[in-house]
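**Student:** For what it's worth, this note's numbering labels the leading residue of the sequence shown as 117, then goes sequentially.
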Amino acid sequence: MRRTLLSCALLSWALLLAAGHAAASTAWVSNEKDNSLSLIDMQTLQVTDTLPVGQRPRGLLLSHDNTLLYICASDSDRVQVMDVATRKIIKELPSGKDPEQFALHPNNRWLYVSNEDDALVTVIDTETSKVLGQINVGVEPEGMAVSPDGKWAVNTSETTNMLHWIDTSTQTLTDNTLVDQRPRFVEFNPDGSQLWASAEIGGTVTILDVASRKVLKTLTFQIKGVHPDKVQPVGIKLSADGKYGFVALGPANHVAVIDAKTFEIVDYLLVGRRVWQMSFTPDQRQLLATNGVSGDVSVIDVDSLKVTKSVKVGRYPWGVVVTP
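Shown next as structure tokens:
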């Protein structure tokens with residue numbers, strides 16, 4: 117009887133472990149120089165698969181139901197669509213030339229794509245695979261975000277040093293905001309009242325009030341032992357609880373942690389070389405940061421604000437998203 121009970125207990129434990137493993141979230145990392153995606157099991161923090169994709173994959177995003185992965189295959193001049201369940205490319209969207217970053221409307225259908233070579237934003241209907249329009253913006257468009265209410269799409273132009281405000285009801289450009297030199301990334305806060313924009317060469321992050329377009333704060337960064345020229349803000353992530361903002365500082369090899377209410381710098385976290393983009397896990401307990409030159413992903417514990425792990429991936433990891 118005791119042996120039977122022990123066997124049942126061991127079997128139950130094994131099933132629980134298996135269920136936990138099956139439920140583990142997965143990080144998807146684009147490797148710019150390898151034309152591939154690395155998949156990281158977030159329970160074991162090991163790379164479990166490498167998937168071939170189009171040329172020079174950079175931006176990644178998920179459909180709002182997490183069933184589709186969109187991939188900016190920049191040198192293929194396409195946005196590829198991968199079925200998350202099968203891990204297969206199921207179609208390609210006509211993105212325009214050199215897509216780098218993009219954003220998905222809350223309707224889960226309209227995709228806004230920056231075309232760096234053509235100074236355009238291309239709007240695609242992901243259901244019909246048709247181009248809804250192309251909007252002229254500044255020189256070298258890159259960053260892209262859509263407001264939580266779906267009213268605004270905002271694009272950054274690196275050479276023009278502007279944010280371009282697109283009315284999504286008409287798909288037309290309605291306003292421009294001058295920011296610091298070489299804006300690379302934009303992110304709305306969770307309630308859509310603020311827009312955070314990084315300026316790579318300017319070395320700043322500008323925080324704007326969306327309603328008035330007024331600057332609330334311009335963040336600058338000073339890291340002991342790091343030359344100011346190395347401080348080049350790129351990716352931004354804002355926590356859903358409104359507590360923190362995280363800014364990837366490029367070749368400074370640090371992620372800045374900002375109090376999202378007071379706009380004060382809380383800490384600088386040392387990560388890998390040329391930190392670029394970031395993504396939260398679904399529970400927001402961890403933040404992943406891609407490090408292009410060192411070819412790895414840093415895992416940050418959000419509660420303790422500590423870097424807990426470095427996971428080696430492919431060459432020049434660029435984008436990252438995490439599925440449940």
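Note that beta-carbon positions come from the ideal geometry of N, C-alpha and C, so glycine has one too.
Predicted model only: the values in this text are computed from it and were never measured.
1) Would you tell me roughly how many angstroms separate the C-alpha atoms of residue 188 and residue 174, rounded to the nearest one?
2) Which same chain residues end up closer than 6 Å to residue 193 when comparing Cβ atoms and leaving out the 5 residues on each side of it in sequence?
3) Assign residue 197 to buried or exposed, taking buried as 16 or more other Cβ atoms, counted over all protein chains shown, within 10 Å of its Cβ.
4) Just mark residue 261 as buried or exposed, buried being the case when its beta carbon has 16 or more other beta carbons within 10 Å.
5) Following the continuous beta strand (DSSP E) through residue 220, name the residue where it begins and the one where it ends.
6) With DSSP run on the structure shown, which of helix, strand or coil describes residue 434?
7) For residue 424, which option in 386, 431, 398 has the closest C-alpha, if you only look at C-alpha atoms?
8) Can you give, in chain order, each stretch of the beta strand (DSSP E) that sits fully within the segment 239–281 and has at least 3 residues?
9) With DSSP as the reference, label residue 152 as helix, strand or coil.
10) Closest to residue 406 by C-alpha separation, out of 221, 218, 433, would be which residue?
11) Let me make sure I understand the geometry here. Which of 285, 373, 341, 218 has the alpha-carbon closest to that of residue 335?
12) Which same chain residues end up closer than 7 Å to residue 344 when comparing Cβ atoms and leaving out the 5 residues on each side of it in sequence?
13) Less than 8 Å between the C-beta atoms of residue 415 and residue 401, yes or no?
14) Would DSSP call residue 377 helix, strand or coil?
15) If you reduce the DSSP assignment to three classes, tell me which class residue 346 lands in.
16) Taking the runs of the beta strand (DSSP E) that are 3 residues or longer, which of them lie wholly in the segment 370–418?
17) Which term fits residue 274, buried or exposed, when burial requires 16 or more other beta carbons within 10 angstroms of its beta carbon?
18) Taking C-beta to C-beta, are residue 390 and residue 366 nearer than 8 Å?
19) For residue 227 and residue 248, I'd like the C-alpha separation in whole angstroms.
20) Is DSSP giving residue 328 helix, strand or coil here?
21) From the DSSP output, read off the bridge partner residues of residue 351.
22) Have a look at residue 311 and residue 351 and give me their C-alpha separation to the nearest angstrom.
23) When DSSP labels each residue in this structure, what does residue 211 get in the three-state scheme?
24) Do you know how far the Cα of residue 435 is from the Cα of residue 358?
25) Between the alpha carbons of residue 379 and residue 356, how many angstroms are there, rounded?
26) So, using beta-carbon positions, are residue 368 and residue 394 closer together than 8 Å?
27) Please list, in chain order, all residues of the same chain as residue 428 whose beta carbon is under 7 Å from its beta carbon, the five residues on each side excluded.
28) Measuring alpha carbon to alpha carbon, tell me which residue in 256, 218, 263, 219 is nearest residue 234.
**Tutor:** So, from the listed chains and residues:
1) C-alpha separation (whole angstroms): 6 Å.
2) Beyond the five residues adjoining it in sequence on each side, residue 193 comes within less than 6 Å, by CB distance, of 213 in the same chain, given in chain order.
3) Classification of residue 197: buried, given that the 10 Å Cβ count is 16 or more.
4) With 16 or more Cβ atoms within 10 Å of its Cβ, residue 261 is classed as buried.
5) Run containing residue 220: 215–220, per the beta strand (DSSP E) assignment.
6) If DSSP states are grouped into helix, strand and coil, residue 434 belongs with the strands.
7) Nearest C-alpha to residue 424: 386.
8) DSSP assignment within the segment 239–281 yields the following whole beta strand (DSSP E) runs of 3 residues or more, N-terminal first: 246–252, 257–262, 268–273.
9) In the structure shown, residue 152 sits in a strand (DSSP, three-state: E or B).
10) Nearest C-alpha to residue 406: 433.
11) Out of 285, 373, 341, 218, 373 has the C-alpha closest to the C-alpha of residue 335.
12) Correct list, in chain order: 319.
13) Cβ distance not < 8 Å, so residue 415 and residue 401 don't count as in contact.
14) In this structure, DSSP gives residue 377 a state outside helix and strand, which the three-state scheme calls coil.
15) DSSP, reduced to helix, strand and coil, places residue 346 within a helical segment of the structure shown.
16) List check, beta strand (DSSP E) in window: 370–375, 381–386, 391–396, 402–407, 412–417.
17) Burial call: buried.
18) Yes, they are a contact pair.
19) Taking the straight line from one Cα to the other gives about 10 Å.
20) Judged by DSSP in its simplified three-state form, residue 328 adopts coil rather than helix or strand.
21) Residue 351 pairs with nothing; no bridge assigned.
22) Residue 311 and residue 351: Cα-Cα distance of roughly 13 Å.
23) Note: residue 211 maps to coil in three-state DSSP.
24) So the two alpha carbons sit approximately 23 Å from each other.
25) Residue 379 and residue 356: Cα-Cα distance of roughly 16 Å.
26) No. Outside cutoff.
27) For residue 428, where only same-chain residues beyond five positions count, the Cβ hits under 7 Å are 411, 412.
28) Nearest option by C-alpha distance: 256.
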